[in-house]
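Note that our numbering numbers the sequence shown so that position 146 is 139, with each residue one more than the last. For each residue, glycine too, the CB sits at the ideal point set by N, CA and C. As the structure is a computational prediction, the values presented were derived from the model and not from experiment.
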Amino acid sequence: MMRKLTLFLWLLPFLAQAQIYQNGLLMPINPKKIASPNDFAVYLPKGGFPAYDAPNGKRIGRIDVATHEGDISFIGATPQSEITADPKYYKQISYSKSVLCYNAQKQGFVRVMGKYWIKVSDVQKKKFKVDNWQNFLNANAGKLLGYYANDPGLNLRSAPSIKGKRIKTLKGELMQITPLNINQGMWTKVKIHKLKKTPCETNLSKEANTEYTLTGWIKILDNDGTPNVWFYPKGC
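Written as structure tokens, this is what we have:
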């Protein structure tokens, strides 16, 4: 019995990590080779991604830019089968760029636009990567204007667990969150800057605009792998 319990506890971090990857983004490995920095567009490779009706299922079309409209669409065998992606299925990540999001992963496939499946190996062949939100938030810390807690707020804790002592409840745009790329499951160690004014309301340096700093852990992703924080993709 003790041996089984030990094995289960050893597996817990891996089970938590598997949950994280159920939601994320299809990111270009080298964005500069995909489109001009000034183009307002959703990152997609030339020729799009082959689309399937299910994991290891039948290929039914592709996810690509519709030539007559310029929208991200599922393009099937006939014009009648073409379906434009709802904006909720992609995420703006910078002033001019958005990426396609996935909301499930199974048997080497990810699901996009709510119902179509893309093979992970096809994504990689196109020089893209299947990236989870935690990786994205860590990689872009300092590049974006900052991260802020979703309503109704996030608890900053002393340890990566709800059992960790609550240091502060983070609310609003004056509690700026910076991930430190130290992770445990869906938890990330962060540094908090309590700002005097939001960055777009002042010309002060970050140091001069900071009342105090805190360090601790937040559950940066929800149980379905979506972020518990938001950011301004366009900056000020």
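Taking C-beta to C-beta, are T219 and N49 nearer than 9 Å?
By 1-based counting over the sequence shown, the position of residue 219 is 226. By 1-based counting over the sequence shown, the position of residue 49 is 56. For T219 and N49, no; Cβs fall outside 9 Å.
When the Cα of I170 is compared with those of K136, Y88, N196 and S114, which residue comes out closest?
Taking the first residue of the sequence shown as position 1, residue 170 is located at position 177. For the residues K136, Y88, N196 and S114, the minimum Cα distance to I170 belongs to K136.
Taking DSSP's pairing of strands, which residues face D124 in a bridge?
On the sequence shown, residue 124 is found 131 positions in, with the first residue counted as 1. D124 pairs with L18.
In chain order, which beta strand (DSSP E) runs of at least 3 residues are fully inside the segment 147 to 191?
Qualifying beta strand (DSSP E) stretches, in chain order: 147 to 150, 159 to 163, 168 to 177 and 180 to 188.
Pick out whichever of D124, R150, G101 and M106 has its Cα sitting closest to the Cα of S114.
The sequence position of residue 114 within the sequence shown is 121, counting from 1. Per the Cα distances, G101.
Could you give the first and the last residue of the continuous alpha helix (DSSP H) run that contains Q117?
Taking the sequence shown and counting its residues from 1, the one referred to as residue 117 is at position 124. Segment V113 to K118, the alpha helix (DSSP H) holding Q117.
Identify the residues that DSSP records as bridge partners of I213: which are they?
The residue given as residue 213 occupies position 220 in the sequence shown. Partner(s): none; I213 has no beta bridge.
State the start and end residues of the unbroken beta strand (DSSP E) segment that holds L93.
The sequence position of residue 93 within the sequence shown is 100, counting from 1. Segment K90 to Y95, the beta strand (DSSP E) holding L93.
Is it buried or exposed for C229, if we count other Cβ within 10 angstroms and need 16 for buried?
Walking along the sequence shown from the start, residue 229 turns up at place 236. With fewer than 16 other Cβ atoms within 10 Å, it is exposed.
Mind checking which residues open and close the beta strand (DSSP E) that includes I56?
Numbered from 1 along the sequence shown, position 63 holds the residue referred to as residue 56. First-last of the beta strand (DSSP E) with I56: R52 to V58.
Which residues in the same chain as N176 place their Cβ atom closer than 7 Å to its Cβ, once the five residues preceding and following it in sequence are excluded?
Position 183 of the sequence shown holds residue 176. Q127.
Under 9 Å, do L207 and K161 count as touching if we go by C-beta distance?
Stepping through the sequence shown from its first residue, residue 207 is reached at position 214. Stepping through the sequence shown from its first residue, residue 161 is reached at position 168. Yes, Cβ-Cβ distance for L207 and K161 is below 9 Å.
Can you tell me which of D32, D215 and N148 puts its alpha carbon nearest to the alpha carbon of N125?
What you label residue 125 is simply residue 132 of the sequence shown in a count that begins at 1. Nearest C-alpha to N125: D215.
Give me the Cα-Cα distance between Y82 and G41, rounded to the nearest whole angstrom.
Locating residue 82 in the sequence shown gives position 89, counting from the first residue. Locating residue 41 in the sequence shown gives position 48, counting from the first residue. Cα to Cα, Y82 sits roughly 15 Å from G41.
Let me know the secondary structure DSSP gives A44 once reduced to three states.
Residue 44 sits at position 51 when you count from the first residue of the sequence shown. In this structure, A44 counts as strand in the three-state DSSP scheme.
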